[in-house]
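Asks:
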Amino acid sequence: MPSPRYWREIPSRYRLEAAACRGCKRVIYPKRQVCPQCGGVEFEATRLAHRGRVVTSTVVHVAPTDLQMEAPYAMAVVETEEGVRLMVQVADCDPSEVLPGMEVTLEFRLIRKEDHGGILCYGHKAVPVE
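Under the working numbering, the first residue of the sequence shown carries the number 517, and numbering increases by one thereafter.
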């Protein structure tokens, strides 16, 4: 993701801010203008739990330039307690051990450093619950 867009989305990314539709109560992340379930336009701000389970995962062996030193690493779709699904990198474990159903916590960490400006991009990574 280009840096300008990344920086515009910091509040919701850093705090895992979501929106709960007042009509159907569906929790939506990232926030949207219209609820995809009921078409509602009124929302309440809410924060996502920092716990969830892996739904599916893959191991990245050929990484983008900014992440080549981390390969191989696991990427996973994690479903939070609210039912929101996020695609995140899984840290602090062997990538081959990341399996569906694995309990994880979402921790705020360095995601990458851009080569062309040294910009540090932070966000959430999943870490297995021990």
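No residue lacks a Cβ here, since even glycine has one placed at the ideal position from N, Cα and C.
1. Tell me the DSSP secondary structure of R529 in three-state form.
2. If we ignore side chains and look at the alpha-carbon of each, how far apart do E619 and P644 end up?
3. May I have the straight-line CA-CA distance separating H533 from A579, to the nearest angstrom?
4. Given T501, which residues of its chain have a CB within under 6 Å of its CB, disregarding the five upstream and five downstream residues?
5. Specify, as a first and last residue, the run of the beta strand (DSSP E) that A683 falls within.
Replies: Straight from the coordinates:
1. helix
2. 6 Å
3. Correcting the residue type first, residue 533 is Glu in the shown sequence and not His. Each residue's Cα considered, the two are about 28 Å apart.
4. Any property of residue 501 remains undetermined from this structure, which presents the chain solely from 517 to 646.
5. The requested residue 683 does not occur in the structure, where the chain is confined to residues 517 to 646.
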